[in-house]
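Chemist: Numbering (the working numbering), first residue to last: 1176 to 1293.
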């Protein structure tokens, strides 16, 4: 399963760092990523990082957010800088995990609230 943490309340222009740790009967982890859902809106893609370290970002966060991972800790991070009120949302982590029985599963974290005040 995935456990996300690090959300909170921050003023516009501030920074937050989200973490998401995977645990369980893990053989390997492929892509790990972040999505967000604001009130009244659909869940949207934020960022993704492959097992090899290739990153992809939504246009709305390019240049402000950074995604990284620590493979030894099975953890993905989202560093959010220059936050804007429109970044306010519940942030969810996502990971494609190959289990020890070699089945590939898509796991989602429980979500962590990020609120940016103006």
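Here a beta-carbon is modelled for each residue, glycine too, at the ideal position from N, C-alpha and C.
Around the C-beta of residue 1184, are 16 or more other C-beta atoms found within 10 angstroms, so that it is buried, or is it exposed?
Modeler: So residue 1184 counts as exposed.
Chemist: Is the beta carbon of residue 1201 closer than 9 Å to that of residue 1278?
Modeler: Contact flag unset, no.
Chemist: Which residue spans inside the stretch 1193-1228 form an unbroken alpha helix (DSSP H) run of at least 4?
Modeler: Listed in chain order, there is nothing to give.
Chemist: Does the stretch 1257-1269 come into contact with the stretch 1206-1215, if we say contact requires no fewer than three beta-carbon pairs (one atom in each stretch) closer than 8 Å?
Modeler: Flag = yes, the stretch 1257-1269 and the stretch 1206-1215 touch.
Chemist: Would you call the CB atoms of residue 1193 and residue 1289 closer than 9 Å?
Modeler: Contact flag set, yes.
Chemist: Skipping 5 residues on each side, what residues in its chain have a beta carbon closer than 8 Å to that of residue 1283?
Modeler: Hits under 8 Å: 1177, 1267, 1268, 1269.
Chemist: Note down the Cα distance separating residue 1250 from residue 1196, rounded to an integer number of angstroms.
Modeler: Rounded to the nearest angstrom, the two C-alpha atoms are 4 Å apart.
Chemist: Measure the beta-carbon distance from residue 1222 to residue 1253 and round it to whole angstroms, keeping in mind my assumption that it falls under 8 Å.
Modeler: Confirmed, about 6 Å.
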